[in-house]
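The sequence shown maps to residues -26 to -1, 1 to 1152 in mature numbering (1 follows the signal peptide of the UniProt record, and there is no 0).
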Amino acid sequence: MDTAAAALPVSVALLLLSPWSPLGSAQGQFSAGGCTFDDGPGACDYHQDLYDDFEWVHVSAQEPHYLPPEMPQGSYMIVDSSDHDPGEKARLQLPTMKENDTHCIDFSYLLYSQKGLNPGTLNILVRVNKGPLANPIWNVTGFTGRDWLRAELAVSTFWPNEYQVIFEAEVSGGRSGYIAIDDIQVLSYPCDKSPHFLRLGDVEVNAGQNATFQCIATGRDAVHNKLWLQRRNGEDIPVAQTKNINHRRFAASFRLQEVTKTDQDLYRCVTQSERGSGVSNFAQLIVREPPRPIAPPQLLGVGPTYLLIQLNANSIIGDGPIILKEVEYRMTSGSWTETHAVNAPTYKLWHLDPDTEYEIRVLLTRPGEGGTGLPGPPLITRTKCAEPMRTPKTLKIAEIQARRIAVDWESLGYNITRCHTFNVTICYHYFRGHNESKADCLDMDPKAPQHVVNHLPPYTNVSLKMILTNPEGRKESEETIIQTDEDVPGPVPVNSLQGTSFENKIFLNWKEPLDSNGIITQYEVSYSSIRSFDPAVPVAGPPQTVSNLWNSTHHVFMHLHPGTTYQFFIRASTVKGFGPATAINVTTNISAPTLPDYEGVDASLNETATTITVLLRPAQAKGAPISAYQIVVEELHPHRTKREAGAMECYQVPVTYQNALSRGAPYYFAAELPPGNLPEPAPFTVGDNRTYQGFWNPPLAPRKGYNIYFQAMSSVEKETKTQCVRIATKGPQGMGGSPPTLGKTSLLWKHPHRPTQNNVSDKKVYMFAQRGYNEIREVKQFHFTGWPDHGVPYHATGLLSFIRRVKFSNPPSAGPIVVHCSAGAGRTGCYIVIDIMLDMAEREGVVDIYNCVKALRSRRINMVQTEEQYIFIHDAILEACLCGETAIPVCEFKAAYFDMIRIDSQTNSSHLKDEFQTLNSVTPRLQAEDCSIACLPRNHDKNRFMDMLPPDRCLPFLITIDGESSNYINAALMDSYRQPAAFIVTQYPLPNTVKDFWRLVYDYGCTSIVMLNEVDLSQGCPQYWPEEGMLRYGPIQVECMSCSMDCDVINRIFRICNLTRPQEGYLMVQQFQYLGWASHREVPGSKRSFLKLILQVEKWQEECEEGEGRTIIHCLNGGGRSGMFCAIGIVVEMVKRQNVVDVFHAVKTLRNSKPNMVEAPEQYRFCYDVALEYVESS
C-alpha cells in the first residue's frame, strides 16, 4: 500500500440484532450497496474474491436446494462447511463505497449444524483504498442456531477515501454445518446501537519515541466493550486507556512503545460489544528519523586550550527540519561528555586541556520529542601543547662522585608539563684551568626518578640546570653549582719535567698535573740508577723514594754518582691516592778529574830564563775516563782583568800561542798530552820549543812573568769537564823597581766614594793643610748630577734625599756650606729655599716659600730663575711634608720596625700599613702620553699587559738591528743606590720577544739576569736560553758554558756575542734562576734565601766588568717581584754605605720610574723583613 493510502478516514461499527426483525420504515433510507440476494449477488454488484479458496453459494427461493429442511427459506448466500477443508476461506466482496457520509451496514447471518457442531467462523473485513486485508473487525464462531441473527456495522466515510466490506467464511475443523448471510443493508445514517468513531488523525513521532493514537467514538464506553488498534498488516494493539468525555462520547488511547521506521504504517481503531462493532478510518503512523550528520566536523584551527571546528551539518541522514545544532565532545581517555548548542557554521571549543585527544561529534535535532539524532561521525583530534606551567624546582643532588653526579628531580606531572610529549634535559657547564670549558645538554628519561651525568672532571664546580621543553616552550630551573669529588690526579706533564744535571746531584722540577683532579697533597719521586759511565758505580739496587709537599714542584737529589743515568718516576697524590707516574731519565754530569794536591808542594824542578820545568802528576778519573792533559801558560798583567774567564777556574777554550798573540789573549795552551803519556809523575819543560798535539810550546820571554797551570780533562758524549791547578809561577828576570813618589801639593789625601743613588755622582773627602801650619781640615764634596741647567729634576725624591744627606753629614759645629751651580743662581736658589723650608716645616710647622725666595732675590739676583723651578720647590716641599723622614738608623731599626708593625687597637691599623697607603697616594700616575711608544700599534704584541707599560723616559732602546723589528722592548731603566740605570726591569720574554730580550742583554752590557718566575708555556713564558750547547736568537748567539745549583738558585753562565759585530768579542752573563718563590704567593717562602740571591748577584756584579755591568730583573709583568728585588738591593747598599734603612725612599724612587714596582702590602713588608734579616746577619 502506497503512502497516499496511508490516511484512511473510514469509520465502521457493527451491531448484532437478535432475532430477525423487519426493517420497517428504514427501508426508505437504504443506500446503494445493500442486497437481498433474490436475484443473486451479481445483481447487487457483489463479487466472489478471485483469490479465495472456494465460493459462496447463492440459495434462491425460486429454485430447489439441497439444504436440510430446517434451514431458513428464501434467497441468501451460504457456505457448506462439510464440502471444504478446515481453514479454507470464501470471501464475498461488496461494492466499493466512496460517499463522504455516515453509513450503517446491517445484515443477517447464521451458523448452523444439525449436530450442534461448530461450522466455522464468519469474519467481516473492511478493505480501504484497495489495500491489503487487515484482521477482521468483527467475527462470530460456533453454532448460533437455526434462526437468523442481525449484526450492525457502523461506517463513516471521508473523501477521497474508499472502502469495501468483505464477508469471509472460514471452515472450522469440524467441517459440519452451514454459514449463511442475507439481507445486507447500507443505511445512510448512523447506526442506532453501535458507536461511530470520529475521524482518526495521523500521528507523527520521532523514532524511538512512544506513539499514541486517540480514538473518539459516539456513545459511552461499556465495561464489556472490546477495543483495540488494528494495524494494516494485521497486528492488533490493545487499548491503553479509555475515558468518557461526556454522556455521548468516549475516548480510547492506544500506545506504541519506542517506535521505529518499521512501525510506520496505517492504523485504525476497532470496537466490539454486545450491541455492535465499529471501525475507524485508517490513520498513518509517521515515524521521523532524527537527523544525523553524514560527515564528521572539520578542524579549522587548534591551540593549547581551544579547537575551532566547522560543523558540516548540511548533509544528513534522517529527517528535517533541523531546529537545533549541538557539539558534543569528550576526552577520548575520559568518560564525561559535554554538549554545547551552536547557532553558527563554526564553533570554537574553549577551556580544553593542552595536548589532549578529544572526540567531537555534531548532534542535530528536529521538532518533537526525541528529535535529537545520534551523534555524527567523530572528529578525533588533539589540542596543541601549552608552555610548561612553571620552572622545574631546583635539582636535588643524590650522589656526588669524582666523575659523575646523580640528580633527582620532582615528579613532572601533566599539570606541570602541559604536554604529553616533552623532554627533560639536564644542561651542565664547567670551567677548568688552561682556558678549558665544556657545556653540554643530556636528554633524560622523564619516567626515571634519577639520572646520572657522567664524564665530568673531578674537583670541578659544575653548574647544573634542568630544562623542561615541549613543542610550545621551555622552562629552566635555577642553576645549581656542585663540586665533583676529588680523584687521583693525572700524570705530571712529560714536557714539564726538567732535570738539571750536576756532578753529584740532579735538580728536578716539574709542573702540577694538567688534571690535578683535586688538591695535590704531595708528590712522590722514586728513582734508581740504570747505567753509568763509571763501571765502579753499582746500578742494580732498590729504588729510593722522596716525598715533597704539595707546593714544592722541584727537588734536589744529592749524593749521586757522576756520569750515571738515573730513572725518575714522579707521581702526584690527592686525598684519593696517587695518580699515574711519569718517567724521565737524567744523567749526572761527569766530574772533573781529581788532580793531586799541589798546595805546599813545589812543582817547579828547574827554571831558566826561557823555560821552567815542572813535575806533572797523573789525575784520578771520576765518572768518565781522562781524555787529555793540558799545560796552560798565563802571562802576568797586574792591571788587566780577565773578561772571558770571569769567575771560572779553568780555561775552557783552547788558544794557541799564535792566536793569543793576534787576539791579545792573556793565556795560551803550551801542550796537550794524551792520558797514556802520564801513567805516573813525570817532568815537563814549559818553553822547550816543541809542539804537542798541535800546540806549540814556545820559549818564555825572560822579562815577563807567567803562571803555569796544569789541567786534566774528561770527555764523554759531548760533555767535557776540566780540573786545573796552578803548579808554578815564573817571575820576570833582570827587572828592578821603586815605589812612585808624589809631588808637592796642598791636597794631602783624597778618598772618593762610588756614585750614590739619585744622580748623586760623587762624594769626596779632601784633607787640606796650610803650609807652615800643622792644622789639617777635612772638606766633603757632594755632587748632584741629575739637574739640568734652567730646568728641574723629574722628581723631587732624589734631591730631597741629597739635601737630607748633606745636612746629616754636616754637624752644627761645621762651617758654612758652599752651594754652587753653573751660574750660582737658579739651581743654587732652589737648593737653598728647599733647605730653609725643610727646617721651617720641622720647627714651626709652616712654610713660606714666597717670602723666602723674595728674601734671597734681595741679596742675589735670579735666585730661582724660572717658573718651573718655583713650582718644583712647591712639589718638593709637598712631598717632604707628606712623606716625612723615613730613614731609620741601623742601630734603631729593629725596635723601630717592631713598633711599625704593631696593630693599633683603636684604628685596627699599623704604622707600616699607613706608610704603604701614603706611598700609594704619592706614587705618580702614568698617563697615556707618558707611554706613547709602548702604545704604538706596532708594539702592542710586545706587551704582556697593556695596563703595565713602561714610560718613554725610562725606555732602553735597542741598538742591535734585527730585520724589521722595532727598537722597543717592554723594559725600564732603574737606578741602584750607587749607579744610575744599574737595573733593567722587564717582563718575562714573550715567545715573540725572546730575540729582543737577548738584544737588550747585549746592547746594555748586562752581566746578570735575575729570573723570579717559572717557565710556564700556558702564560706565554717559554724557556729563552739553551740548556746546553749553543743557540742563536736573532743576531745574538748564546752559548751555555756551565750550570750549577746552590739551594734555591740555579746559576747558568752564558757567553754571548753579536754576530753582526763579531769584532766586539764576547760578553759573559750569569743567570740566577730563583726557585724559592711559588707562583701563587705574593712573597718568597724564605727571607734568608732571597737575601742570599741578592748578595750573590751583587758579588758577581763586582767581579765582572769592573762592577759596571747592568742587571736585568724579570718576572711575569716586570712589576711587583722585580720591584722587590731592586728595592731590597737598594736598601742593602744603603745599609753598607750610609748605615741607614729607608725602604720607603727606595720604593718611592723606583715608583717614580714605574708605578707598579712593589705592588702588594705583603711585598712592602717583606722588604722590611729582609732588611732586618740583613742588619741582624751583618
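Ideal placement from N, C-alpha and C gives every residue a C-beta, glycine not left out.
Alpha-carbon to alpha-carbon, residue j and residue i
i, j, result
"H757", "M1004", "45 Å"
"P77", "D26", "As written in the sequence, residue 77 is His, which differs from the Pro given in the question. Using only the alpha carbons, I get a separation of about 27 Å."
"K678", "I1030", "32 Å"
"K724", "V820", "Low confidence applies here, because K724 scores a pLDDT of 35, under 50, leaving its location unreliable and the question unanswered by this model."
"G803", "C795", "9 Å"
"C698", "P592", "12 Å"
"T665", "L647", "11 Å"
"K1128", "F542", "44 Å"
"F11", "L96", "18 Å"
"Y332", "V100", "58 Å"
"Q36", "G48", "8 Å"
"R1062", "V1149", "12 Å"
"I98", "Q159", "14 Å"
"P15", "F141", "12 Å"
"N882", "R1139", "17 Å"
"I1027", "E693", "16 Å"
"E1013", "E1002", "7 Å"
"G387", "V301", "30 Å"
Given residue i as reference, the closest of the options once Cα atoms are compared
i, options, result
"A185", "L203, G148, V233", "V233"
"G277", "E263, L326, E302, L1146", "L326"
"R448", "K439, L964, N671", "K439"
"R205", "V213, H198, N199", "V213"
"C415", "H403, K421, Q424", "H403"
"R1006", "N255, F971, Y978, D990", "F971"
"P423", "L259, W383, P673, K781", "W383"
"G1008", "G48, C1014, R973, I334", "R973"
"Y86", "F224, G119, I983, V549", "G119"
"F846", "E410, V793, I808", "I808"
Residue i - DSSP class collapsed to helix/strand/coil
i, result
"M532", "coil"
"G772", "helix"
"S130", "strand"
"P516", "coil"
"M811", "helix"
"R229", "strand"
"G1003", "strand"
"S490", "coil"
"K1061", "helix"
"K1128", "coil"
"L852", "helix"
"Q188", "strand"
"C401", "strand"
"T1123", "helix"
"G8", "strand"
"I806", "helix"
Expected contact under 8 Å - CB spacing of residue i and residue j to nearest Å
i, j, result
"P465", "G597", "With a Cβ gap of about 31 Å, P465 and G597 do not count as contacting."
"Y641", "V629", "6 Å"
"L66", "Y137", "Incorrect: roughly 15 Å between the Cβ atoms, too far for contact."
"Y540", "Y572", "Not really, about 34 Å apart at Cβ, beyond 8 Å."
"G789", "T960", "Their Cβ separation, rounded to whole angstroms, is 47 Å, which puts G789 and T960 out of contact at 8 Å."
"P328", "T279", "6 Å"
"G175", "A108", "Not quite, the Cβ-Cβ distance comes to about 19 Å (not below 8 Å), so this is no contact."
"F957", "C1078", "Contact doesn't hold; Cβ gap of about 15 Å is too wide."
Item to check | At least 3 beta-carbon pairs within less than 8 Å: the segment 917 to 932 vs the segment 1134 to 1145 | outcome: no
Next on the checklist: Within 8 Å, do at least three Cβ pairs link the segment 1036 to 1048 to the segment 1109 to 1122?
Outcome noted: no
Checklist entry - Is there contact between the segment 925 to 935 and the segment 1055 to 1070, where contact requires at least three CB pairs shorter than 8 Å? => result no
Item to check | the segment 567 to 586 in contact with the segment 506 to 525 per 3-pair CB rule at 8 Å | outcome: no
Checklist entry - Are the segment 250 to 259 and the segment 114 to 127 touching by the rule of at least three beta carbon pairs closer than 8 Å? => result yes
Item to check | Any 3 or more C-beta pairs closer than 8 Å across the segment 419 to 435 and the segment 351 to 366 | outcome: no
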